[in-house]
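Per the working numbering, the very first residue in the sequence shown carries number 729; after that it's consecutive. Note that the Cβ used here is the ideal one computed from N, Cα and C, for glycine as well.
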Amino acid sequence: AAAAAPAEAAPAAPATYDNPELGATAEKAAVKVNQKVGLAAMGIKQYLETTVVSLLCQGMSALVKERPDDPVEFLAVYLMKNNPNKKAPAEGAA
Numbered sequence: 729a730a731a732a733a734p735a736e737a738a739p740a741a742p743a744t745y746d747n748p749e750l751g752a753t754a755e756k757a758a759v760k761v762n763q764k765v766g767l768a769a770m771g772i773k774q775y776l777e778t779t780v781v782s783l784l785c786q787g788m789s790a791l792v793k794e795r796p797d798d799p800v801e802f803l804a805v806y807l808m809k810n811n812p813n814k815k816a817p818a819e820g821a822a
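Written out as structure tokens, the structure reads:
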């Protein structure tokens, strides 16, 4: 007798929570952890290309155009000012 083909699993239903706001926060935290694990598993070259090379090249281009007296400080300020991972300041914060 032929073996029966395994049934395909149905897609999981969206999660429901007693406290939807807390559940959404927990899901966001889980996604962040998953992203960090993914970055940690990358090779060095891939990690750098994914996280900093583009911004660093833009900063180096600006550095060459400006030719400031302190290029290290200029590049540091450029990178901090243009950091895509920078958290937006809270409203009302000075």
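Cβ-Cβ distance between residue i and residue j below 8 Å
| i | j | result |
| --- | --- | --- |
| residue 783 | residue 791 | no |
Spatial neighbours of residue i in its chain, beta-carbon cut-off 6 Å, leaving aside the 5 residues before and after
| i | result |
| --- | --- |
| residue 796 | 802 |
| residue 815 | none |
DSSP three-state assignment for residue i, whether helix, strand or coil
| i | result |
| --- | --- |
| residue 799 | helix |
| residue 778 | helix |
| residue 787 | helix |
| residue 744 | coil |
| residue 771 | coil |
Chain-order list of residues whose beta-carbon lies under 8 Å from that of residue i (same chain, five-residue window excluded)
| i | result |
| --- | --- |
| residue 770 | 778 |
| residue 811 | 783 |
Own chain partners of residue i with C-beta closer than 7 Å, once the 5 adjacent residues on each side are dropped
| i | result |
| --- | --- |
| residue 794 | 802 |
Inset, instruction - Taking 8 Å as the threshold, find out whether the segment 805-815 comes into contact with the segment 786-794 through three or more Cβ pairs. - result: yes
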